[in-house]
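Asker: 24 is the number of the first residue of the sequence shown in the numbering used here; add one for each residue after it. Ideal Cβ placement from N, Cα and C applies to all residues, glycine included.
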Amino acid sequence: MIPVTPRVWLDEEEIDETFVRASGPGGQNVNKVSSAVQLRFDVRGSKTLPDHVKERLERLAGRRLTKDGVLVLVAQRYRTQEQNRADALARLVELVREAAFVPVTRRPTRPTLGSKIRRLEGKTRRAGVKALRRDRPSSGPED
Numbered sequence: 024m025i026p027v028t029p030r031v032w033l034d035e036e037e038i039d040e041t042f043v044r045a046s047g048p049g050g051q052n053v054n055k056v057s058s059a060v061q062l063r064f065d066v067r068g069s070k071t072l073p074d075h076v077k078e079r080l081e082r083l084a085g086r087r088l089t090k091d092g093v094l095v096l097v098a099q100r101y102r103t104q105e106q107n108r109a110d111a112l113a114r115l116v117e118l119v120r121e122a123a124f125v126p127v128t129r130r131p132t133r134p135t136l137g138s139k140i141r142r143l144e145g146k147t148r149r150a151g152v153k154a155l156r157r158d159r160p161s162s163g164p165e166d
């Protein structure tokens, strides 16, 4: 079990890793070694995640989620398989941690009387500054 938050855990058996060849620079090494990791996690079929976390995770995953509800992460940042495995797993844990966090819904409030007065005083002060800029005689030559 992989801890995500104190109440949310990921089962290691629900994570499927396949190793593919990485794209990009790397010389002959890139053609011989399958160092990139393709991590697959079935979000909809997960038995360890609560339903509200699954829903938020599906929304956060975006294009990385297949039609079947499988989250696919590809890690090929590093040259070694182990570093890429750790990177993919860390990205999955971070995504699930973000999905587990429930944002506080904002309740609409009305402005206080003091804030209304401060706002109007600020507008009056600004209008006064602009009024002083008007109707000034021009300092240029007169015809």
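1) Would you give the residue range spanned by the alpha helix (DSSP H) that Leu115 belongs to?
2) Confirm, please, whether the CB-CB distance from Ser58 to Thr103 is below 8 Å.
3) Between which two residues does the beta strand (DSSP E) carrying Val93 extend?
4) Using alpha carbons as the reference points, say which of Val60, Pro73, Asp74, Leu118 lies closest to Leu88.
5) Would Glu121 pass as a contact of Leu62 if the rule is Cβ separation under 8 Å?
6) Would you please state the rounded distance, in angstroms, between the beta carbons of Phe42 and Leu115? I believe it to be under 8 Å.
7) Mind checking Leu112: buried by the 16 CB within 10 Å criterion, or exposed?
8) Beta-carbon within less than 7 Å of Arg67's beta-carbon, same chain only, minus the 5 sequence neighbours each way: which residues are those?
9) Go ahead and label Ala98 buried or exposed: buried means 16 or more other beta carbons lie within 10 angstroms of its beta carbon, across all protein chains shown.
10) Between Val60 and Glu37, which are expected to be in contact by the criterion C-beta below 8 Å, what is the C-beta distance as a whole number of angstroms?
Answerer: Looking at the coordinates:
1) The sequence position of residue 115 within the sequence shown is 92, counting from 1. Per DSSP, Leu115 belongs to the alpha helix (DSSP H) from 104 to 123.
2) Along the sequence shown, one-based indexing puts residue 103 at 80. Along the sequence shown, one-based indexing puts residue 58 at 35. In this structure, Ser58 lies closer than 8 Å to Thr103 by Cβ.
3) For the purposes of this step, residue 93 is identified with residue 70 of the sequence shown, where counting begins at 1. It spans 93 to 98 - the beta strand (DSSP E) in which Val93 sits, taken as one unbroken run.
4) Stepping through the sequence shown from its first residue, residue 88 is reached at position 65. Cα-wise, what sits closest to Leu88 is Leu118.
5) By 1-based counting over the sequence shown, the position of residue 121 is 98. By 1-based counting over the sequence shown, the position of residue 62 is 39. No, Cβ-Cβ distance for Glu121 and Leu62 is not below 8 Å.
6) Here residue 42 corresponds to residue number 19 of the sequence shown, with the count starting at 1. Here residue 115 corresponds to residue number 92 of the sequence shown, with the count starting at 1. Contact between Phe42 and Leu115 fails: their C-beta atoms lie close to 16 Å from each other, not under 8 Å.
7) Residue numbering aside, residue 112 sits at position 89 when the sequence shown is read from its first letter. Label assigned to Leu112: buried.
8) As a position in the sequence shown, residue 67 is number 44, starting the count at 1. Lys77, Gly92, listed in sequence order.
9) Locating residue 98 in the sequence shown gives position 75, counting from the first residue. A residue is called buried once 16 or more other Cβ atoms fall within 10 Å of its Cβ, and Ala98 is buried on that count.
10) The residue given as residue 60 occupies position 37 in the sequence shown. The residue given as residue 37 occupies position 14 in the sequence shown. So it is not a contact: roughly 16 Å between Cβ atoms.
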